[in-house]
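The structure under discussion appears below in the form of structure tokens.
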Amino acid sequence: MGELKACPFCGSEPVSTDETDRDHVGGWSICCENNACFAEPIIVGRTEAIAVERWNTRPTPSLTDGDLKRAAIAFMNDYKSAGFTAASPQALSAMRAALQAIGIKIGGAEE
Ligand SMILES: [Zn+2]
Numbered sequence: 482m483g484e485l486k487a488c489p490f491c492g493s494e495p496v497s498t499d500e501t502d503r504d505h506v507g508g509w510s511i512c513c514e515n516n517a518c519f520a521e522p523i524i525v526g527r528t529e530a531i532a533v534e535r536w537n538t539r540p541t542p543s544l545t546d547g548d549l550k551r552a553a554i555a556f557m558n559d560y561k562s563a564g565f566t567a568a569s570p571q572a573l574s575a576m577r578a579a580l581q582a583i584g585i586k587i588g589g590a591e592e
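Residue numbers for the sequence shown follow my numbering, beginning at 482 and rising by one.
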């Protein structure tokens, strides 16, 4: 079965248990059994695959403006240093516009 992500609260490895024989669960459970974990999360699913998918679901992290700026600048630097001198003018123009939209000025000549 798919690999389980760590407990989102304490980082411990979760425990996956087949509880299909237990009527009150009726499927698989995945839980954090770390005694020091204040949240002690547990999820259940009718099948192991469902339980794993549910356990591994995490919110998509949101990017800060700083993250976006660093990523965009790194992209532009990598792009040039990798020797892509024949960049699509439309692609560079779109990147430049995106950076300017978040307050980044791009130096250098238009390519
Ligand atoms: Zn935990």
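Ideal Cβ placement from N, Cα and C applies to all residues, glycine included.
Being a predicted model, the structure only gives us computed values, none of them experimental.
(request) Verify the contact flag: S493, CB atom, against every heavy atom of ligand 1, threshold strictly below 8 Å. (result) On the sequence shown, residue 493 is found 12 positions in, with the first residue counted as 1. True, at least one ligand heavy atom lies under 8 Å from that Cβ.
(request) Under 8 Å Cβ to Cβ from R499, same chain only, skipping five residues before and after it: list those, please. (result) In the sequence shown, counting from the first residue as 1, residue 499 sits at position 18. It is Asp, not Arg, that sits at residue 499 in the sequence shown. Contacts found: W509, E529.
(request) Below 6 Å CB to CB, which residues in the same chain sit around S497 once its five sequence neighbours on both sides are set aside? (result) Taking the first residue of the sequence shown as position 1, residue 497 is located at position 16. So the qualifying residues of the chain are I511.
(request) Could you pull the start and end residues of the alpha helix (DSSP H) that E534 belongs to? (result) The sequence position of residue 534 within the sequence shown is 53, counting from 1. Annotation for E534: the continuous alpha helix (DSSP H) segment containing it runs 529-537.
(request) Let me know if P570 comes out buried or exposed under the rule of 16 or more other beta-carbons within 10 Å of its beta-carbon. (result) Taking the first residue of the sequence shown as 1, we reach residue 570 at position 89. That one is exposed.
(request) Would you kindly work out how many angstroms separate the C-alpha atoms of G492 and N537, rounded to a whole number? (result) For the purposes of this step, residue 492 is identified with residue 11 of the sequence shown, where counting begins at 1. For the purposes of this step, residue 537 is identified with residue 56 of the sequence shown, where counting begins at 1. Computed Cα separation, rounded: 13 Å.
(message) Rounding to the nearest angstrom, what Cα-Cα distance links C518 and G526 in this structure?
(response) In the sequence shown, the residue the question calls residue 518 occupies position 37. In the sequence shown, the residue the question calls residue 526 occupies position 45. C518 and G526: Cα-Cα distance of roughly 22 Å.
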